[in-house]
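Visitor: In order, the protein sequences belong to chains A and B.
Residue numbers for the first sequence, in our numbering: 1 to 764.
Residue numbers for the second sequence, in our numbering: 1001 to 1764.
Number of protein chains: 2
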Amino acid sequence: MSTRAQYLCTASFLLGLVASAPALAQGEPALLGFSGPHATQERALEARFDAKVSSEEMRGWLEQLSSAPNHVGAAHDKANAEFLLQKFKAFGFDAKIETFEVLYPTPLSESLDLLGPSPYHAALREPPMAGDRTSTQTDHALPPYLAYQGDGDVTGDLVYVNYGMPEDYEALERLGVSVKGKIVIARYGQGWRGLKPQLAEEHGAIGALIYSDPADDGYGQGDVWPKGPHRPPASVQRGSVQKMMIYPGDPLTPGIGAVAGAKRLSRAEAKTLLKIPALPISYADAKPFLEALKGPEAPAAFRGGLPIAYHVGGSGETSVHLAVKSDWSLKTIYDVIAVMKGKGEPDQWIIRGNHHDGWAFGAEDPLSGQVALLEEAKAIGELARTGWKPKRTLVYASWDAEEPGLIGSTEWAEAHADELKAKAVAYVNSDSNDRGFFEAEGSHALQTLVNQVADDVADPEKGVSISARMRANLRVKALAPRASEDVKREAALAKSGAELPLAPLGSGSDYSAFLQHLGVASLNIGFGGEGSSGGVYHSIYDSYDHYIRFGDPGLSYGAALTRTGGRLMLRLADADLIPMRFAPVAEAASLYLAEIKALNTRMADGDKVIADLRVDHGFELASDPQAPVAAPPLKPATVKLDFSPLEQAISRLSASASAFDAAYAAHGEGLAQKRATDLDAALVKMEHGLTAPEGLPGRPWFQHLLYAPGVLTGYGAKTLPGVREAIEGRRFEEAATYIRLTARTLNAYSDQLDTAKALLSPTP
Amino acid sequence: MSTRAQYLCTASFLLGLVASAPALAQGEPALLGFSGPHATQERALEARFDAKVSSEEMRGWLEQLSSAPNHVGAAHDKANAEFLLQKFKAFGFDAKIETFEVLYPTPLSESLDLLGPSPYHAALREPPMAGDRTSTQTDHALPPYLAYQGDGDVTGDLVYVNYGMPEDYEALERLGVSVKGKIVIARYGQGWRGLKPQLAEEHGAIGALIYSDPADDGYGQGDVWPKGPHRPPASVQRGSVQKMMIYPGDPLTPGIGAVAGAKRLSRAEAKTLLKIPALPISYADAKPFLEALKGPEAPAAFRGGLPIAYHVGGSGETSVHLAVKSDWSLKTIYDVIAVMKGKGEPDQWIIRGNHHDGWAFGAEDPLSGQVALLEEAKAIGELARTGWKPKRTLVYASWDAEEPGLIGSTEWAEAHADELKAKAVAYVNSDSNDRGFFEAEGSHALQTLVNQVADDVADPEKGVSISARMRANLRVKALAPRASEDVKREAALAKSGAELPLAPLGSGSDYSAFLQHLGVASLNIGFGGEGSSGGVYHSIYDSYDHYIRFGDPGLSYGAALTRTGGRLMLRLADADLIPMRFAPVAEAASLYLAEIKALNTRMADGDKVIADLRVDHGFELASDPQAPVAAPPLKPATVKLDFSPLEQAISRLSASASAFDAAYAAHGEGLAQKRATDLDAALVKMEHGLTAPEGLPGRPWFQHLLYAPGVLTGYGAKTLPGVREAIEGRRFEEAATYIRLTARTLNAYSDQLDTAKALLSPTP
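1) Quick check on the burial criterion: 16 or more other C-beta atoms within 10 angstroms. Buried or exposed for Asp-542 of chain A?
2) Going by CA-CA distance only, name the one from A:Ala-521, A:His-321, A:Tyr-283, A:Val-312 that's closest to Arg-352 of chain A.
3) Which residues in chain B have a C-beta closer than 7 angstroms to the C-beta of Phe-619 of chain A? List them in chain order.
4) Just to confirm my understanding: we take Leu-505 of chain A, look at its own chain, exclude 5 residues before and 5 after, and list those with CB closer than 7 angstroms. What are they?
5) Provide the residue span of the alpha helix (DSSP H) that contains Glu-595 of chain A, from first to last.
6) At which residue ranges does the stretch 1651 to 1692 of chain B contain complete alpha helix (DSSP H) runs of 4 or more residues, listed in the order of the chain?
7) Quick one, are the C-beta atoms of His-538 of chain A and Trp-359 of chain A less than 7 angstroms apart?
8) Does Leu-634 of chain A pass the burial test, meaning 16 or more other C-beta atoms within 10 Å, or should it be called exposed?
9) Counting along the chain, where does the beta strand (DSSP E) carrying Arg-769 of chain A start and finish?
10) From the DSSP output, which residues share a beta bridge with Leu-322 of chain A?
11) Mapping the DSSP letters down to three states, classify Lys-718 of chain A as helix, strand or coil.
12) Among A:Asp-612, A:Ile-308, A:Phe-527, A:Ser-750, which residue has its Cα nearest to the Cα of Ala-458 of chain A?
13) Give me the residue from B:Asn-1070, B:Leu-1696, B:Arg-1489 with the minimum Cα distance to Ala-1362 of chain B.
14) In terms of DSSP beta bridges, what is Tyr-334 of chain A paired with?
15) Quick test of the definition: if touching needs 3 or more C-beta pairs under 8 angstroms, does the stretch 1165 to 1179 of chain B touch the stretch 1685 to 1694 of chain B?
16) To the nearest angstrom, how far is it from the Cα of Leu-1753 of chain B to the Cα of Ala-594 of chain A?
17) Compute the Euclidean distance between the alpha carbons of Thr-393 of chain A and Ala-682 of chain A, then round it to the nearest angstrom.
18) Buried or exposed, going by whether 16 or more other CB atoms sit within 10 Å of the CB of Ala-1588 of chain B?
19) Which ranges would you report for the alpha helix (DSSP H) in the stretch 1216 to 1292 of chain B if only whole runs of at least 4 residues count?
20) Determine the direct distance from the alpha carbon of His-1321 of chain B to that of Thr-1155 of chain B, and round the result to whole angstroms.
21) With DSSP collapsed to three states, give me the class of Gly-353 of chain A.
22) Using CA coordinates, which residue listed in A:Tyr-664, A:Phe-49, A:Ala-424 is at the minimum distance from Ser-35 of chain A?
23) In the DSSP output, what is Phe-1437 of chain B paired with across the bridge?
24) Whose C-alpha, out of B:Leu-1449, B:Pro-1232, B:Gly-1342, B:Ala-1309, is nearest the C-alpha of Leu-1502 of chain B?
25) How big is the Cα-Cα spacing for Ala-1011 of chain B and Ala-1426 of chain B?
26) Would you mind reading off the limits of the alpha helix (DSSP H) that contains Gly-1060 of chain B?
27) Just checking: is the beta-carbon of Leu-613 of chain A within a distance shorter than 7 angstroms of some beta-carbon in chain B?
28) Residues of the stretch 507 to 541 of chain A with a CB closer than 7 angstroms to any CB of chain B: list them in chain order, please.
29) Rounded to whole angstroms, what is the Cα-Cα separation between His-311 of chain A and Ser-1368 of chain B?
30) Give the interface partners of Gly-1222 of chain B over in chain A, defined as CB-CB distance under 7 angstroms, in chain order.
31) Using a 10 Å radius around the Cβ and a threshold of 16 neighbouring Cβ atoms, would you call Asp-486 of chain A buried or exposed?
32) Please tell me whether Arg-1231 of chain B has its Cβ less than 7 angstroms away from any Cβ of chain A.
33) If I measure Cβ to Cβ from Leu-65 of chain A and keep anything under 6 angstroms in the same chain, skipping five residues before and after, which residues do I get?
34) So Leu-1306 of chain B contacts chain A; which residues on that side make the cut at Cβ distance below 8 angstroms?
35) How many whole angstroms separate the CB atoms of Arg-1187 of chain B and Asp-1216 of chain B, which I take to be in contact at a CB cut-off of 8 angstroms?
36) Among the residues of its own chain, which have a CB less than 8 angstroms from the CB of Pro-1233 of chain B, if the five just before and after it don't count?
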C-alpha cells in the first residue's frame, strides 16, 4: 500500500467514531471507543489525573529505590518489592507479592589474563567515582558478569570478531581466520549481547569476552562520566546471555510458572544455557588484549575507537586465560501485583508493567520507568478515592528478574496463562525513561489509540504535544544524508499529519510473554533521545547521581511518561468499546510483506552477481596477494518464492479491516449493551488470532506470526518472522511452509474480524 | 544515454577501424588508428619495448633520486634535474633544462603554543625513525610547512572545524559557533588542503592549523610506520595552500611564463595567496589542543580517531599562539625537457610528464612515477638505437615545483602556449605510483586508446591484463553495502566488457595547464589501491626504505606503468591517424548533464522540505534545549533551470560523434596522405574546441568547459563546471549563462567534428 493510500485511509478515520456526535465539545478531536459525551468526560478525568502527577515525588522514590544494589537476590531488591507493595496498597490497590523460584547464577570467581611476554591481569572491577555517591558500594554490587554464561577455565589464542555477528564470521572466514578452539573478543553493539558468545560457541570457540568499544559506547559518543554522561574507561556492561530467542524466563521451566514444586528441567536439558565461559570487560581492560593481537589487519568495519591499529588475531601469538565459576542455585524472585477491580467488566484486564530489578543501582534501568508507573498508580488511586472507578480491571505489575531473562513477567504470565488469554485486553510496558522524544512500539490494533494519546500529552520542554515533537524529530532526521527509506517514509507520514506507525516489538523488556507467547495486544512506551543515562547502561554508574544530571534532571519526562501511560490505561479501561482499529494491522502486514518480497528478489539478484564473479575469478583477481581476501563462502542458491497466499491473505485483511473500522466508526456509538459486551469479547481475542500454536521454527514458545525477536538479532524485531528468517537463513522450504501458515492464520484473523463486524450491523 | 546504449555502441566499435582488414593477425583485436598490418608491426614493436624494461634499474634510480631532500630550492632537487638531463641525453634524446624564476616561500620560523593552565609547545618536527635511513637528515629537509600561507603572529581562541569544508561551517553556525577573530584547527581530508585555510580566512579566522587525524590517516588505517605503512603520531603532511583553483603556477605570473625579466605582479596583487598564517601539524601535536577544547560537543560527523571526546571549542576558553615567518624571495626551478623528433610529423607532439620535486625525500611522490617515466624514455631510446623512429615527435618532461603549485609544468606550458596549441596532440601525465590497480583519468577522446592499452598490459601479480584486474576490482567494490551508484554503473560496464569510462580530471598534478588552460587532450595514469606508501604522504617518511617495503617492493608496478605509458606514447606517436574516438565524449557529457539536472531537481525538492519544516517550526521542536541546533541558514531558493540548450547540443554531439567514429572506422584505413594530414590537423584541435576564451566564472585561466578542479573541492573534478558550480552555489543566472555558453561551445565542437568527418568521405 502506498504512503498516499495510507494517508487517505487514516485521515478519513480521524473523523471516525464520534465525528457525528453532536455532543462533542467544540474543537476536541474524537476519542477512539468513546461516544462524544463520554469523550468529554474522559478528557476531564484525564485533566484531574494530570493534576495529581508530581515529579518531585518520583524523584524521592527514585533516590530511595536506587540507593543500594538491587539485582536479583540482593537484599535491596526484595526491600524494593516490599516498598512498592506498601505503596500500591496505600494507593488503594489490592496488592500482593507473587514469588517464583528460578535458576539465577551468581559469580563465585572470575579471572582474565593476557599471557606471554607482556602479561596483563584484567581488573574486572568498576572503581568508585567522585560525584557518584553509590559507586563506593562495590562490596554488595554484582561484579561485571554475564548471567547464564557456561563457566569454565580455558586458555587459548585470542580472535577479535568485531560485533560477533554472522557477517563478521563470514568476513573472518574470507580472511582465513577461524575461532575453533580459541577465545573470542567481541565488541558490544549491532546485535544483542547474548548472541555473541552463542555464535562464538557455535563456531567452536572455547570462551568469549565482550567489551564496550569507546567508538560505540565511550568517549566516541562524548564526554565520559563524571565529566559527561558517557561510559568511562573502566566501566563494564553486565547483562544476560541466556538464549532468550528460544524462550525467555526461567531456563528450567519453559511454558510453565516456576512456582515452588513445579516440574523442572535439569540444567543440561535447558536449551537456553551457554556452554562456554564468558565475561564482559571494560575498554580499559580490553586495550592490552586488542593491542597484543597479530594476524590480518582488521577490515574497516571492524575498527573501533581505541588508539590502536586493530588486528583480528587468530595467528597463535596471543594467548589468554579465562576462568569463571558461578553459584547455580535457585533464587526467589518477587513480582508485585496490584489490582483495581473494574466496576463494569471486571473480567477484562488492562495490564501495566515495569520491572524493578537492576544490574547494580539501576537508576535509569529500570527505576526511571518504575517510578513513573508508581506515580501513575498513585494518581489513579487518588481518582478512585474521589468516586471514579475503572469500568475494566486495572492490573499494575512491578516485575522482578527482568534483567536475567524477562523472568518475573514470563513466569507470572505462564502461571496465569489461561486466565490471561481469556481476560487480558492489553499489556502496556515501560522500562528505562530519559529526556527526549516519545517512542512507542507494539500491536498495530492499538496504533490509533497511541496516536490519539500522543496528541493529548504535552512535551515538557517545548509545550507542544509529544506527537508534534516526535513528528518534527522524524522530519529533521530524514534530512540526514544517509537517512534510511524507513525514516523518509515515516517523515512523509509525520508531515502529512497521518497516524505514525508503531514500531514492531522484538524483545528486551517484559512484553514478550504477553504479546509473543500468549497473543495479548501489547505496547512498549517511553521517552528518549536527549537524556544520556544510557551512556552507563548496566554499570554501577547507572546511579541516581548520574540520572539526575544526565537522564531526566527534573523528572519532567518521568511525569510525561506517567501522563502517557495513565491515559492509555484510563482509555483502555473506560472506553465504551475496546479502542482498537485494524486498518493499521493490515497496513503493517502489507509493508512487511513488501519488505520480504524485496528481500527475496535482492538475494536472488545478489546471488547472480556473486555467481558471475566466481565464474570470472573476480574475487581472486581483485584480491591483494599481500592481504588476501577469499570469495564469500558458498551458500544455497536463493529460491524465488510464491508469495501469493500471503498477498491474498493480506489483501483480504485490508478489506476486512477497513470494513470493520468503518462499521465501528459508524455504528459503535450507542451499541446495545449485549452487543457491546460481545464485541469487546471478540476484540479481546483478536491479537490471539495472530498467533499459531505451532509457533516459530525451532522455538514454539514464540507463537506470534507478525512480530518476534530475531534469532540472529536478539532484541531487534523480525516481522512476519517465520517467513523472513527462513528466507534470510536460505531455508526456502521452511519459508514456503510459513507463507502458508501465516496466510492461513491471517485468513482466520480476517474471519474473526468479519464476525465481529456483524455485531456492528445497524439492524439489531 | 543508457548503459545499454553505451554498451552496444562500444561493442560495435570494437570491431572498428580494422575489423574488415584482412591482414589483421588471427585473434588480435584492432588498434585504434592503425591499419591491420601496421597494428601487427606495432604490437611487435611494443613487445621489443617491453623486453627492455628493468625494474632493478628503476629501483637503483629511485634510491639515488630519493637519497636527500629534493624540495624546490634544495641542492638535491637541482642535482636530480641534472641527473635526469644526463640520462635523457644518454638515451638519445635532445634534452635541456629550462629554468624559471618563481615565487616560492620557505619557512624562516614557526611556532605554535597552547596557552592557559596546561600549556603545550608544539614540536613541529618529525623525529628520525629506526629502519628509515634518510629520516635522520632533518637538517636539510623542509620542516612541516604550508607553502603560500600568509605569515603572521596571532593569538586567539581555538575552534575545531572538522574538515573545514563549507558544510562544516554550516554545522558550526547551527551550533552557534563562529570562527571570526579565532584560530581554526581542521583535519586533513574530504576537500583539498588549500581550501581549509582559505575558507577559514573567508569566515574571518586569523590563523589556521591542519592536522592528520588518526582515523583518516594514522592507526585508524592500520599499523603505523615503521611497523606498518601508515602515518605515525609525529608525522606531518606538508603541502601547498596556494589558491590553485583560481590559477596554478607562479602566483606572480598568471598566464605567462615566469622567465627572467617577465612582468610580475606584486605579492599583494596575486590572487592566489592566503593572508592568514597557517601550519600543518601531527596528531601527536594536535591532541593536547583538541583535548583542551570546550564548547559544544562535536557532531558525529566531526569525530575523529583520537581517544578523546571531541568538542568544537569557540567558547573563549582555549587560547592559542601561532607564528609563521617565511622567506618570500624568488627561487629558480629546473624543468628537464627531452625531445625525440618525429620522422613523419615532427610538428605533432606527444608529451609525457612527471614531476621530480618532492616535499622531503619524495620516494613515492613523485619519484616512483618519475623512474617509470625515465625507464620508458630509456626503452624508447633503445628502440630508436635499433633504427625505429617515431612518426610524431616525443617530448619527455621532468617537471620541477609541482608540489608548491604545478609550477614547472604551468610555466613551461604558458611560456610555450602558442606552439603547444598548434602542435600538442596529447599530454600523458603520471605521478606517484603504487602496487595495485590501473587508474586512468582524462580526455574522453582518448578513452578507447586507453582501454585498448589496458587490454594489452599484464598485471604483475595476477598475469591477466590490467584491464581485467581493474574490472574485477570494480565488480567486487560494487558488492559493498554502501556502494555508490557510480560504482555500480561502472561495475555493470566492467562485467559487460564495454569500455570503462575515464574518470574526469580535476587537479593535483601537472596536466592542468595542458588540459584546462590550453585545451590539449590529456591523461593521468598510474597504479594504486594495494601499496600503502600514501600512508606517509608529504612527510619525511615518504622514503626509499618505506616505498620498498610498502609501496611497490619489486617495482613491478613501476614496470607496469612504464609499459602502459610507453604503449600510450608509441601508439599516439605511430598511429596512421591520431587515435581518437568521440562517442565517449558525447557519453560523458550526457552523463554529466543527467547529473546536474538531477542535482537541480534534488536541490529544489530539498528546499521545499526545509521550507516546510521552517514553517512548522520543526527545527526548534526537534532541537534539544541542552544542546541546541538551529535551523539551517537561509539560502537563495533554487531556480529550476532550462537545460534545453545543453540537451540539444549534447544530442547533436552524440549524432556527430557517432557519425565521425563510424566514418573513421570505415574509411580511415588507407586514407590518402593529404587527407590523413588534414584529419590529424583537425584532430589536434578537437580538445581545444571544448574550451572557451571566457573561461570559468571568476577564474578565466580555466577554459575547459567539460572538466575543471572544483572551486570548493580543490583537487576533485567538477564536470560541466560552469553550470554545475553555479547551481551548487545557487547562482542561477550564472548557471543559465553557462548553459548557453557550454551549449554554444559544444555545438561548435560538433561543427568541427562534422568538418573532420568530411575528410573521411569515401569519394575523394
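The C-beta atom is built at its ideal place from N, Cα and C for all residues, glycine as well.
Only a predicted model underlies this, so the values are computations on that prediction, with no experimental measurement involved.
Guide: From the atom records:
1) buried
2) A:Ala-521
3) In chain order: Val-1476.
4) Glu-441, Gly-442, Tyr-511, Leu-515, Ser-522, Asn-524, Tyr-707, Ala-717
5) Annotation for Glu-595 of chain A: the continuous alpha helix (DSSP H) segment containing it runs 583 to 615.
6) The stretch 1651 to 1692 of chain B contains these whole alpha helix (DSSP H) runs: 1673 to 1686.
7) Note that the C-beta distance between His-538 of chain A and Trp-359 of chain A is below 7 angstroms.
8) exposed
9) Shown here, chain A extends from 1 to 764; a query on residue 769 of chain A therefore has no answer.
10) Answer is A:Leu-112, A:Val-154, bridged to Leu-322 of chain A.
11) strand
12) A:Phe-527
13) Going by the sequence as given, residue 1362 of chain B is Gly instead of Ala. The residue with the shortest Cα to Cα distance from Gly-1362 of chain B is B:Asn-1070.
14) A:Thr-99
15) no
16) Per the coordinates, the alpha-carbon of Leu-1753 of chain B lies some 51 angstroms from the alpha-carbon of Ala-594 of chain A.
17) 17 angstroms
18) buried
19) 1283 to 1292
20) 4 angstroms
21) DSSP places Gly-353 of chain A in the strand class (E or B) of the three-state scheme.
22) In terms of Cα proximity to Ser-35 of chain A, the closest of A:Tyr-664, A:Phe-49, A:Ala-424 is A:Tyr-664.
23) B:Gly-1528
24) B:Leu-1449
25) Unreliable positioning characterises Ala-1011 of chain B in this predicted model, as indicated by a pLDDT of 28, which lies under 50. The coordinate reading is nonetheless provided below. Approximately 25 angstroms between the Cα atoms of the pair.
26) Here the alpha helix (DSSP H) through Gly-1060 of chain B covers 1055 to 1065.
27) Contact of Leu-613 of chain A with chain B is assigned, a C-beta pair being separated by under 7 angstroms.
28) Glu-530
29) 29 angstroms
30) For Gly-1222 of chain B, the residues of chain A that pass the 7 angstroms Cβ criterion are Glu-297, Ala-309, in the order they occur in the chain.
31) Classification for Asp-486 of chain A: exposed.
32) no
33) Asn-80, Leu-367
34) The contacting residues are Pro-307.
35) 7 angstroms
36) Pro-1214, Gly-1218, Val-1224, Ser-1282, Tyr-1283, Ala-1284
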